[in-house]
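Numbering (the numbering used here), first residue to last: 349 to 602.
Structure, rendered in structure tokens:
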């Protein structure tokens, strides 16, 4: 059974129709890289988008002369500049140490009460099951968010305060198994600008190569969806109902 069939059976809105979105990123730039153009489309359509940044970004440099505390402060400011470009008005930083020894359960216990409090129509995060994803912060965040969605609706094992709430669907970016494609041609330039707002990460000699790679990949996906003779950009996601997050091995193919 495909996700489109499940979505219709459960009467779930399409990705661009969700009225509220909670986007949980491992580092202060990941939401832009994975979904910046789609997030801009959502805010333009009136959706409420709330960000949670899990780590402080202090490890996001290869320069041995950069002080971690100074980099973390810089990245918090960059996060706010990118928010303004994308129309994100609510943004919370949890302050977990970038590349630190925190574990998934630490994050689950923070996320469950926040999900219950904000009650989003969808939760977005990085896909922890993408092959070869080797950054611990990415797979810990992706797995913790998915588990928090399960625990948030559990009225027996509380894992935090608040009334139980069932998140209808979960959206993964950076996925090797996408099932949803969003035409972001109109907002692609804004995505790149929002990424560039993270100057500590992208204002360097590698930007031209990275932006070209991302644009070419998004253009390739667009042509696959809409025809080889057309030019535009697409962002790809794995979207699942929360019911598919447990004992549902077909989810990879959904």
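Glycine included, each C-beta is placed from N, C-alpha and C at the ideal position.
Next item on the list: Note the first and the last residue of the continuous alpha helix (DSSP H) segment covering residue 425.
Entry: 416-434
Note to self: I need the DSSP call for residue 570, collapsed to helix, strand or coil.
What the structure shows: helix
Item checked: Short Cβ contact (7 angstroms threshold) for residue 468 with residue 559 -> One thing to note: residue 468 has its Cβ no nearer than 7 angstroms to the Cβ of residue 559.
Check: Quick one: is residue 582 buried, meaning 16 or more other Cβ sit within 10 Å of its Cβ, or exposed?
Finding: Under this definition residue 582 is a buried residue.
Checklist line | Spatial distance of residue 486 from residue 423 (CA atoms) | finding: 17 angstroms
Next item on the list: Can you grab the Cα-Cα spacing for the pair residue 349 / residue 384, in whole Å?
Entry: 29 angstroms
Note to self: At 3 residues or longer, what runs of the beta strand (DSSP E) sit wholly inside the region 468-515?
What the structure shows: 470-474
Margin query: Below 8 angstroms, how does it come out for the region 537-549 and the region 520-528: are there three or more Cβ pairs, yes or no?
Written below: no
Next item on the list: Between the Cα of residue 572 and those of 530, 360, 426, 447, spot the shortest distance and give me the residue it belongs to.
Entry: 530
Margin query: I need the DSSP call for residue 398, collapsed to helix, strand or coil.
Written below: strand
Checklist line | Entirely enclosed beta strand (DSSP E) segments - the region 514-547, minimum 3 residues | finding: DSSP runs (the beta strand (DSSP E)) wholly in the region 514-547: 517-521, 528-531.
Notebook entry, point to check: In this structure, does DSSP put residue 358 in helix, strand or coil?
Noted result: helix
Notebook entry, point to check: residue 377 by DSSP, collapsed to three states: which one?
Noted result: Here residue 377 sits in coil by DSSP.
Check: Skipping 5 residues on each side, what residues in its chain have a beta carbon closer than 6 angstroms to that of residue 592?
Finding: 599
Checklist line | Host alpha helix (DSSP H) of residue 453 (start-end) | finding: 452-466
Note to self: Since residue 442 and residue 401 should fall inside the 8 angstroms C-beta cutoff, what is the C-beta to C-beta distance between them, to a whole number of angstroms?
What the structure shows: 7 angstroms
Notebook entry, point to check: Quick one: what does DSSP say residue 577 is sitting in, helix, strand or coil?
Noted result: The three-state reading of DSSP puts residue 577 in coil, since its state is none of H, G, I, E or B.
Margin query: Less than 6 angstroms between C-beta atoms, sequence neighbours within five positions excluded: which residues of the same chain meet that for residue 380?
Written below: 430, 542, 543
Check: From residue 475 to residue 413, what distance separates their C-alpha atoms?
Finding: Each residue's alpha carbon lies about 32 angstroms from the other.
Margin query: Assuming the contact rule is C-beta atoms closer than 8 angstroms, residue 470 and residue 519 should be a hit. Round their C-beta distance to whole Å, please.
Written below: About 6 angstroms; that satisfies the 8 angstroms criterion.
Next item on the list: Would you kindly report the start and end of the unbroken beta strand (DSSP E) that includes residue 599?
Entry: From DSSP, residue 599 is part of no beta strand (DSSP E); its letter is neither H nor E.
Notebook entry, point to check: Based on the DSSP secondary-structure assignment, which residues constitute the bridge partners of residue 372?
Noted result: 400
Next item on the list: Kindly indicate which three-state DSSP category residue 383 falls into: helix, strand or coil?
Entry: helix
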